[in-house]
Structures are given as C-alpha cells and as structure tokens.
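These notes concern the structure reproduced below.
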C-alpha cells in the first residue's frame with residue numbers, strides 16, 4: 861500500500877538558517893507523482909512542487925530546492941536562508957493514478973506533515 | 018482571483034444535528050475533492066466528483082454524503098455528526114486531464130466543532 865513518511869514532526873530554526881524537510885515514500889506503482897504542499901496558519905494547502913517518477917532531476921526555485929532520489933524513495937525539500945514567513949506545516953504527498961467511473965484521477969496520500977517554525 | 022472558496026470558515030453543530038458545508042470554485046475545474054483533516058494529522062480523502070460522477074473512498078463512513086449541483090458548487094453533508102467528526106474539512110479542485118499529474122487547489126477549509 862502507498863505510504864508517505866515525514867519523520868520530522870517539528871523543526872525550529874532561526875531566520876537565515878537552512879533547513880531540510882525529509883520525505884520517504886512507498887508505492888508499488890511505476891508511475892506516480894510526488895508533491896510538496898505548504899499549509900500556513902490560514903489553513904489552505906498551497907502547491908509548491910511536483911515531480912514525476914521518471915524525472916529524478918533536482919529542482920531549485922528561489923530559496924527552495926528539492927532532491928528526488930528514487931533509489932532511496934526520498935523526496936526531500938530544502939529551504940535556504942529561511943524566513944519567518946516560511947513558518948507553516950509542510951506536507952509531502954504521493955499521487956497515484958486511479959480509475960473511478962471510467963475516468964482517471966490522482967489519489968493523494970499525504971505524510972503526517974512537518975511543522976516548521978522560523979524564529980526572528 | 019480565481020480560487021476555491023469554503024463557507025463557513027467555522028461551523029459549530031450539536032451531536033447528531035445534520036450539518037452542511039459548502040465549497041465553490043471559480044477555476045472551472047471538473048474534479049472536486051473533499052478531505053477531512055483532524056488535528057495534527059494529514060488530510061484524508063473522503064470522496065471526489067468528476068463532473069457529476071461521485072466516487073466514494075472505501076473507508077468513508079456512510080454518515081458523510083456529498084452533492085454537486087453544478088460545476089462550481091459542491092456540498093458536504095454530515096447526517097448525524099459525532100464527536101469524532103470534529104475536524105477541518107478541506108475542499109480541493111483539479112483539472113480533468115492528466116489525472117494523477119495535476120496539482121490540487123485547496124480552499125481554506127471549514128473547521129467543524131461538534132458539541
């Protein structure tokens with residue numbers, strides 16, 4: 861069965877520190893997609909990044925970078941020079957193709973989330 | 018801006034009293050999802066609609082129902098709320114093509130309290 865593990869429940873850093881959020885997943889599918897979402901105190905989950913199972917190229921977007929390693933089933937997220945506004949809960953999620961009623965949809969399995977607090 | 022809107026943001030109901038949560042979207046997405054997120058837990062998918070086709074997750078209790086009268090609106094009905102149903106309920110949408118590839122756009126959630 862699909863599973864996403866975020867071993868770090870809470871992380872606390874001081875502004876400008878780098879921080880890495882770990883994500884390990886399990887799936888039997890050969891085609892799948894990995895996502896990171898941010899959930900600020902306001903509640904809505906905000907999409908950050910998507911990776912498909914065939915693309916192990918790392919990605920950098922501003923202060924954010926992602927390291928996808930299929931060999932270790934990991935999809936880690938690093939924030940460089942963290943800021944107070946980065947404080948939120950971060951969820952790693954696995955999306956697997958599923959069929960229902962003849963149509964394909966993505967079933968998201970979320971990790972437990974990592975609470976990141978960035979202190980000034 | 019195009020978005021996913023949920024009303025109300027906070028809902029208080031009594032044990033056993035039916036309650037309806039609403040979600041609307043201006044993204045014109047075909048797929049709409051309802052998730053339940055209990056305190057300090059990951060969101061859990063309850064069901065989704067592809068257009069008007071309703072798809073229930075196998076472990077979603079019968080107490081939870083949904084309606085989608087048109088593309089823009091979707092409702093979550095809890096027929097007889099129990100204390101264990103207190104949670105944040107998140108609505109999300111995604112484009113129809115691409116299936117698992119497409120990111121989901123989430124609303125701010127409705128926090129349900131059951132007294």
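Chains as they are written, first to last, in my numbering: chain A, 861 to 980; chain B, 18 to 132.
Quick reminder that beta carbons are idealized off the backbone N, C-alpha and C, glycines included.
Computed from a predicted structure; not experimentally measured.
is_contact[residue i, chain A] using C-beta, thresh 9 Å
| i | result |
| --- | --- |
| residue 33 of chain B | no |
| residue 21 of chain B | yes |
| residue 48 of chain B | yes |
| residue 53 of chain B | no |
| residue 85 of chain B | no |
| residue 82 of chain B | no |
| residue 56 of chain B | no |
| residue 42 of chain B | no |
| residue 90 of chain B | no |
| residue 96 of chain B | no |
Partners in chain A for residue i, counting only beta-carbon separations shorter than 8 Å
| i | result |
| --- | --- |
| residue 60 of chain B | 905, 951, 968 and 970 |
Cβ of residue i within 9 Å of any chain B Cβ
| i | result |
| --- | --- |
| residue 895 of chain A | yes |
| residue 965 of chain A | yes |
| residue 891 of chain A | yes |
| residue 910 of chain A | yes |
| residue 945 of chain A | no |
| residue 884 of chain A | no |
| residue 922 of chain A | no |
| residue 864 of chain A | yes |
Residue i, buried or exposed, once every other Cβ within 10 Å from all chains shown has been counted against 16
| i | result |
| --- | --- |
| residue 897 of chain A | buried |
| residue 97 of chain B | exposed |
| residue 967 of chain A | buried |
| residue 901 of chain A | exposed |
| residue 95 of chain B | buried |
| residue 27 of chain B | exposed |
| residue 923 of chain A | exposed |
| residue 911 of chain A | buried |
| residue 120 of chain B | buried |
| residue 939 of chain A | buried |
| residue 46 of chain B | buried |
| residue 102 of chain B | buried |
| residue 904 of chain A | buried |
| residue 29 of chain B | exposed |
| residue 942 of chain A | buried |
| residue 946 of chain A | buried |
| residue 32 of chain B | exposed |
Interface partners of residue i on chain B, CB under 9 Å
| i | result |
| --- | --- |
| residue 956 of chain A | 117 |
Amino acids of chain B, ordered along the chain, whose beta-carbon sits closer than 7 Å to that of residue i
| i | result |
| --- | --- |
| residue 902 of chain A | 125 |
Residue i - partner residues in DSSP beta bridges
| i | result |
| --- | --- |
| residue 104 of chain B | B:129 |
| residue 99 of chain B | Looking at the DSSP assignment, residue 99 of chain B forms no beta bridge with any residue, so it has no partner. |
| residue 968 of chain A | A:955 |
| residue 76 of chain B | For residue 76 of chain B, which the question treats as bridged, DSSP gives no partner whatsoever. |
| residue 977 of chain A | A:872 |
Chain-ordered chain A contacts of residue i [CB-CB under 9 Å]
| i | result |
| --- | --- |
| residue 28 of chain B | Correct list: empty, because the minimum Cβ distance to chain A is about 13 Å. |
Contact residues within the segment 62-76 of chain B, judged by C-beta distance below 8 Å to chain A: 62, 65, 67, 70 and 72
Against chain A: residues of the segment 101-114 of chain B by CB proximity under 8 Å: 105, 107, 109, 111 and 113
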